[in-house]
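All the letters of the sequence shown, read from the start, carry residue numbers 20 to 750 under this note's numbering. Backbone N, C-alpha and C fix where the C-beta goes; we use that ideal spot for every residue, glycine too. Let me begin by presenting the structure, written as structure tokens, before commenting on it.
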Amino acid sequence: MDPGIIGQSLARIEGPLKVTGTAAYTSDHTKERVAYAVPVGSTIANGRIAALNISKAREMPGIVEIYHRGNVGALYKPSPEAGAIDEARPPFADDVIRYYGQYVALVVAETFEDATAAASVVDVVYADVAAPNVELQLVADDEPAEVSRRGDPEAAYDASPIKIDRTYITPAETHNPIELHASLATYDDDGFTLYETTQAIVNHRNVVSEILNVPRENVRIVMKFLGSGFGGKLWPWSHGTLAAAAARNLGRPVKLVVTRKQMFQTVGHRARTQQRVRMSAQRNGSLTSLRHEAVNDAGMLDEYDENCGEATPHFYGTSNLLVTGGQTRRNIGSPTAMRGPGAVPGLFATESAYDELAIELGLDPVQLRLQNEPTRDQSLDVPFSSRHYAECLTVGAEKFGWSLRSPAIGSMRKDGSILGWGMSGCSWLAARFAAEARVELHADGSARVAIGTQDIGTGTYTVLAQLVAETTGIPIGRITVELGDTRLPPGPTSGGSMVTASVIPAVLEAARAAMKSAIGLATTLERQPFKGWSPEDLNFQSGKIVARNGASGKQIDYHEVLQNASVAMVSGGGKAASTFGEEHPKRSSHSYGAHFLEIAWQPEIARLRVNRVVTVIDAGRIVNPRAALNQIEGAVVMGVGMALLEEAHYDPRTGAPINSNLADYIVATNADTPRMDVTFLDYPDTKLNELGARGVGEIGLAGMASAIASAVYHATGVRVRTLPIDIEKLL
Ligand code: MOS
20 MDPGIIGQSL
30 ARIEGPLKVT
40 GTAAYTSDHT
50 KERVAYAVPV
60 GSTIANGRIA
70 ALNISKAREM
80 PGIVEIYHRG
90 NVGALYKPSP
100 EAGAIDEARP
110 PFADDVIRYY
120 GQYVALVVAE
130 TFEDATAAAS
140 VVDVVYADVA
150 APNVELQLVA
160 DDEPAEVSRR
170 GDPEAAYDAS
180 PIKIDRTYIT
190 PAETHNPIEL
200 HASLATYDDD
210 GFTLYETTQA
220 IVNHRNVVSE
230 ILNVPRENVR
240 IVMKFLGSGF
250 GGKLWPWSHG
260 TLAAAAARNL
270 GRPVKLVVTR
280 KQMFQTVGHR
290 ARTQQRVRMS
300 AQRNGSLTSL
310 RHEAVNDAGM
320 LDEYDENCGE
330 ATPHFYGTSN
340 LLVTGGQTRR
350 NIGSPTAMRG
360 PGAVPGLFAT
370 ESAYDELAIE
380 LGLDPVQLRL
390 QNEPTRDQSL
400 DVPFSSRHYA
410 ECLTVGAEKF
420 GWSLRSPAIG
430 SMRKDGSILG
440 WGMSGCSWLA
450 ARFAAEARVE
460 LHADGSARVA
470 IGTQDIGTGT
480 YTVLAQLVAE
490 TTGIPIGRIT
500 VELGDTRLPP
510 GPTSGGSMVT
520 ASVIPAVLEA
530 ARAAMKSAIG
540 LATTLERQPF
550 KGWSPEDLNF
560 QSGKIVARNG
570 ASGKQIDYHE
580 VLQNASVAMV
590 SGGGKAASTF
600 GEEHPKRSSH
610 SYGAHFLEIA
620 WQPEIARLRV
630 NRVVTVIDAG
640 RIVNPRAALN
650 QIEGAVVMGV
660 GMALLEEAHY
670 DPRTGAPINS
680 NLADYIVATN
690 ADTPRMDVTF
700 LDYPDTKLNE
710 LGARGVGEIG
720 LAGMASAIAS
730 AVYHATGVRV
740 RTLPIDIEKL
750 L
């Protein structure tokens, strides 16, 4: 290994393609004879289809075909072994309408405009129309599942002098990547080639092949660039199935781009959650119990567990703990993972409660956290692989100037504003998905790494190139990265902030195998320096083959070896197993962090701003600090949106998401962006992979909403437990 490239802030290697418009996103692809599909969505949320009158639509210009339950062809529900999907009911599977926007027909026409016009005159007759259940109060339909229990939290709570019992609510939030969901489906004798907006090409292939009932080998998924996903593009949705079915039926390519409005209805959202948190402590601040009981809403057919208690068992040091999770069904499209699923809404509740407990105790919230810092994972009863949360707290407090905080409500003022200072901790899982990779060393001095993962905008192209450059010593500019195609060796899902950690072992192994092959070749070449040497005595360094003991001073460029041997390339494969979801892990692996922030409140004009944020992240070794910083800053801004702005509203009469556009569903913009100061601690977690890299992305969002809620309380005396913190709640 030639150290140096890992840890460098390299610019994205695919950056020039993006800024010149050369990078082809899914909907940019086109094909000869492509037809355009537009789905027709239900305008009720609860009832059934009595009749579908398509005669008028059929007369519209440019119509190719109108698909519905009667003519779309067989579509199957994937088996659990196929992989992940949140809405498993195939489109048009029955006549029951369970949510607003559910697809009832698909119009295919020669142009997008023709298809849109015809879709608007498809006449759906509904029957048994009932009021939709979009009730905001969440009570689990069945007994909630026990996620974690230790000690006797009930008795400890009752016996403690200081206790709090609070309920926190997080709303439905809709993913709003700039790139719309899209699908371009082609079908020929070899099967399907599907250009998809997906964070998981391998899962997509495995699931969709079962829906379409064709062998995996006959489904190819392509996704070279993604305009972000945030979890909304993790698993397949109905539009992709419909595009594929239409392409098969028609024998011509079909393109389908989901509209922004439909994205609020049919491609998932962050589930609404209601979480009761009970905490108790001794007067000295020792945490005696924690109970975290969460309920989330879900669609009518599929299980969706938001898992709000994901971080709770390992994050908090207490002998007595209970975490439960329950669901309740609503007439809404299925929720799905949204950036930091589970832990992000969960930590809003538990970290807000911790802040409230600190106030009850009259203790500084940083002090309370340091005082209760666990030394091992008390729920799994295993050691942490690497936990430096306490240092996140102390470094963050120092950088922010936390010691200058005056705790009394409304006591800090500046430039006519009341300042609020708040802080929060955060945590996110660290694990690896299974991965395979191939590395090729070419005779022209270049290298290629191939892996069937995808870059969702986070820097995976660059990280893969860095891994090969570091291992082989071949310059980064001579390395080609090939990903985003299921013809490549199967790589990890871009989810859970896990890609970097997942690809490291497979890519390093593949690169080493390729280097070993080059060394082997060097020992066979006539009239060359290492003819007859034992490969064990040779090393591959900085692109050269050298004697291991350095004694001989002999060396040769690897590409000269290949040229002399008339070999175009040598290659190697690597493969590493998953550690995700292990039932009995030997260690507890997570990333940690802390946010300290300042808000400004101007009551006269009801103006609330986040001024500045100090974030310290313990995510192991950082492979590319520039890409990592980009992830955390983006997540912090998203946290401002989650805390202050984002909420999808469902109309109680129709069940329609009513603020279904970017004018009414408000996300944080540049003007909402605080000054940010992000620090990465550098403690390689070598138990997770050789380089010690965990993941960065989701963790930056975790804890932001509770830090803002705490700061708002500090400024105003109003504790907002139902997100978002809109101005009305402060007046
Ligand atoms: Mo992330 S919600 O795992 O895309």
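Notebook entry, point to check: Can you give the beta carbon distance from HIS48 to THR193, rounded, assuming they're within the 8 Å contact cut?
Noted result: Locating residue 48 in the sequence shown gives position 29, counting from the first residue. Locating residue 193 in the sequence shown gives position 174, counting from the first residue. About 26 Å separates the beta carbons of HIS48 and THR193, which is beyond the 8 Å limit, so they are not a contact pair.
Checklist line | Close Cβ partners of ALA377 (< 6 Å) along its chain, the five nearest in sequence each way excluded | finding: Translated into the one-based positions of the sequence shown, residue 377 becomes position 358. Short of 6 Å from the beta carbon of ALA377, and not among the five residues preceding or following it, lie these beta carbons of its own chain, in chain order: PRO384 and LEU387.
Notebook entry, point to check: For ILE636, does the count of other Cβ atoms within 10 angstroms reach 16, so buried, or fall short, so exposed?
Noted result: In the sequence shown, residue 636 corresponds to position 617, counting from 1. It is buried - the Cβ of ILE636 has at least 16 other Cβ atoms within 10 Å.
Notebook entry, point to check: What is the DSSP secondary structure of VAL414, reduced to helix, strand or coil?
Noted result: Within the sequence shown, numbered from 1, the residue matching residue 414 stands at position 395. Looking at VAL414 - three-state DSSP - the assignment turns out to be helix.
Note to self: Going by beta-carbon coordinates alone, are PRO508 and GLU455 separated by less than 9 Å?
What the structure shows: Numbered from its first residue, the sequence shown carries residue 508 at position 489. Numbered from its first residue, the sequence shown carries residue 455 at position 436. Pairing PRO508 with GLU455 gives a Cβ-Cβ distance under 9 Å.
Item checked: Contiguous beta strand (DSSP E) assignments of at least 3 residues, all confined to the stretch 152 to 178 -> Those beta strand (DSSP E) runs which fall completely within the stretch 152 to 178 and span 3+ residues are 164 to 169.
Check: Taking the alpha carbon of GLY722 as the point to measure from, which residue in ALA330, ASN72 and GLY592 has its own alpha carbon closest?
Finding: Mapped onto the sequence shown, residue 722 falls at position 703. Nearest option by C-alpha distance: ALA330.
Check: Where in the stretch 186 to 238 do unbroken runs of the alpha helix (DSSP H), each at least 4 residues long, occur, reported from the N-terminal end onward?
Finding: Annotation note: the stretch 186 to 238 contains the following uninterrupted alpha helix (DSSP H) runs of length 4 or greater, listed N- to C-terminal: 220 to 231.
Margin query: Taking 8 Å as the cut-off, is the C-beta of GLN218 nearer than that to any heavy atom in the ligand MOS?
Written below: For the purposes of this step, residue 218 is taken as the residue at position 199 of the sequence shown. Answer for GLN218: yes, Cβ within range of the ligand MOS.
Next item on the list: Mind listing, in chain order, the continuous beta strand (DSSP E) runs of no fewer than 3 residues lying wholly within the stretch 574 to 605?
Entry: Taking 3 residues as the minimum length, the beta strand (DSSP E) runs contained wholly in the stretch 574 to 605 are 574 to 576 and 588 to 595, in order along the chain.
Next item on the list: Can you give me the start and stop residues for the beta strand (DSSP E) that GLN346 sits inside?
Entry: Within the sequence shown, numbered from 1, the residue matching residue 346 stands at position 327. DSSP places GLN346 inside the beta strand (DSSP E), whose first and last residues are 340 to 348.
Margin query: What does the Cβ neighbour count give for TYR176, buried or exposed, with the cut at 16 atoms within 10 Å?
Written below: Sequence index remark: in the sequence shown, residue 176 carries index 157 (1-based). Flag for TYR176 reads buried.
Checklist line | Contact belief for GLU759 with ARG295 at Cβ below 8 Å, rounded distance in angstroms | finding: Nothing can be reported for residue 759, as the shown portion of the chain is limited to 20 through 750.
Next item on the list: To the nearest angstrom, report how far apart MET20 and ILE651 are at their CA atoms.
Entry: Taking the sequence shown and counting its residues from 1, the one referred to as residue 20 is at position 1. Taking the sequence shown and counting its residues from 1, the one referred to as residue 651 is at position 632. For MET20, the pLDDT reaches just 49, beneath the cut-off of 50, and the residue's location in the model is therefore unreliable, leaving the point undetermined.
Check: How do the stretch 593 to 605 and the stretch 553 to 571 stand: do at least 3 beta-carbon pairs fall below 8 Å, yes or no?
Finding: The stretch 593 to 605 vs the stretch 553 to 571: no contact.
Check: At which residues does the beta strand (DSSP E) containing LYS433 begin and terminate?
Finding: Taking the first residue of the sequence shown as 1, we reach residue 433 at position 414. 431 to 433 is the extent of the beta strand (DSSP E) around LYS433.
Next item on the list: Quick one: measure Cβ to Cβ for PHE249 and ARG358, integer angstroms, because I've assumed they're closer than 8 Å.
Entry: Within the sequence shown, residue 249 is the residue found at index 230, counting from 1. Within the sequence shown, residue 358 is the residue found at index 339, counting from 1. Right, the Cβ-Cβ distance comes to about 5 Å (below 8 Å), so this counts as a contact.
Margin query: Just checking GLY250 against the ligand MOS - is the residue's beta carbon closer than 8 Å to any of the ligand's heavy atoms?
Written below: Here residue 250 corresponds to residue number 231 of the sequence shown, with the count starting at 1. Under cutoff, so the answer is yes.
Check: Measuring CA to CA, which of GLY365, ILE181, GLY435 and PRO255 is closest to ILE624?
Finding: In the sequence shown, residue 624 corresponds to position 605, counting from 1. Measuring from the Cα of ILE624, the nearest candidate turns out to be GLY435.
Notebook entry, point to check: Under a three-way DSSP split, which group does ASP113 fall into?
Noted result: On the sequence shown, position 94 is the one that residue 113 refers to. In the three-state scheme derived from DSSP, where H, G and I count as helix and E and B as strand, ASP113 is classed as coil.
Item checked: SER353 CB to nearest heavy atom of the ligand MOS below 8 Å -> The count along the sequence shown starts at 1 and reaches residue 353 at position 334. No, Cβ of SER353 sits at least 8 Å from all heavy atoms of the ligand MOS.
Next item on the list: Compare the beta carbon distance of LEU10 and ARG645 with 9 Å and say whether it is the shorter of the two.
Entry: Within the shown structure, residues of the chain are numbered from 20 to 750, placing residue 10 beyond reach of any answer.
Notebook entry, point to check: If we ignore side chains and look at the alpha-carbon of each, how far apart do VAL148 and ILE240 end up?
Noted result: Sequence index remark: in the sequence shown, residue 148 carries index 129 (1-based). Sequence index remark: in the sequence shown, residue 240 carries index 221 (1-based). In this model, VAL148 and ILE240 are separated by some 39 Å (Cα to Cα).
Notebook entry, point to check: Would you say PRO190 faces chain B, with C-beta separation under 9 Å as the test?
Noted result: The structure shown contains no chain B, having only a single protein chain.
Checklist line | Continuous beta strand (DSSP E) assignments of at least 3 residues falling wholly in the stretch 445 to 497 | finding: Counting whole runs of 3 or more residues, the stretch 445 to 497 contains the beta strand (DSSP E) stretches 454 to 461 and 466 to 469.
Item checked: Exposure of ASP133, with buried meaning 16 or more beta-carbon neighbours within 10 Å -> Locating residue 133 in the sequence shown gives position 114, counting from the first residue. Taking all protein chains shown into account, ASP133 has 16 or more neighbouring C-beta atoms within 10 Å of its C-beta and is therefore buried.
Item checked: Buried or exposed (CB count within 10 angstroms, at least 16 for buried), LEU340 -> To locate residue 340, count along the sequence shown from 1; it is residue 321. Counting C-beta atoms within 10 angstroms of its own C-beta, LEU340 has 16 or more neighbours from the protein chains shown and is therefore classed as buried.
Check: According to DSSP, is LEU376 helix, strand or coil?
Finding: Against the sequence shown, residue 376 aligns to sequence position 357. Three-state DSSP puts LEU376 in a helix.
Next item on the list: Starting from the Cα of MET661, find the closest Cα among ILE181, THR692 and GLY736 and give me that residue.
Entry: Along the sequence shown, read from residue 1 onward, the residue named residue 661 stands at position 642. Sorting ILE181, THR692 and GLY736 by C-alpha distance to the C-alpha of MET661 places THR692 at the top.
Next item on the list: State the start and end residues of the unbroken beta strand (DSSP E) segment that holds GLY66.
Entry: Locating residue 66 in the sequence shown gives position 47, where the first residue counts as 1. Residue range 66 to 72 is occupied by the beta strand (DSSP E) that includes GLY66.
Next item on the list: Indicate the three-state DSSP secondary structure (helix, strand or coil) for ILE727 in the structure shown.
Entry: Along the sequence shown, read from residue 1 onward, the residue named residue 727 stands at position 708. Helix, per DSSP.
Next item on the list: Closer than 8 Å by C-beta to ILE73: which residues in its own chain qualify, once you throw out the five before and the five after it? Chain order, please.
Entry: In the sequence shown, the residue the question calls residue 73 occupies position 54. Taken in chain order, the residues that qualify are ILE85, HIS87, ALA124, VAL141 and ASP142.
Item checked: Top-ranked residue by Cα proximity to HIS733, from ILE428, GLN218 and PRO272 -> Here residue 733 refers to the residue found at position 714 of the sequence shown. Nearest option by C-alpha distance: ILE428.
Checklist line | Beta-carbon contacts of PRO11 that lie in its chain and below 6 Å, excluding the five residues immediately before and after | finding: Absent from the structure is residue 11, since the part of the chain shown begins at 20 and ends at 750.
Next item on the list: Count the other C-beta atoms from every protein chain shown that fall within 10 angstroms of the C-beta of GLY539, then say buried if there are 16 or more, exposed otherwise.
Entry: Your numbering for residue 539 matches position 520 in the sequence shown. Its Cβ having fewer than 16 others within 10 Å, GLY539 is exposed.
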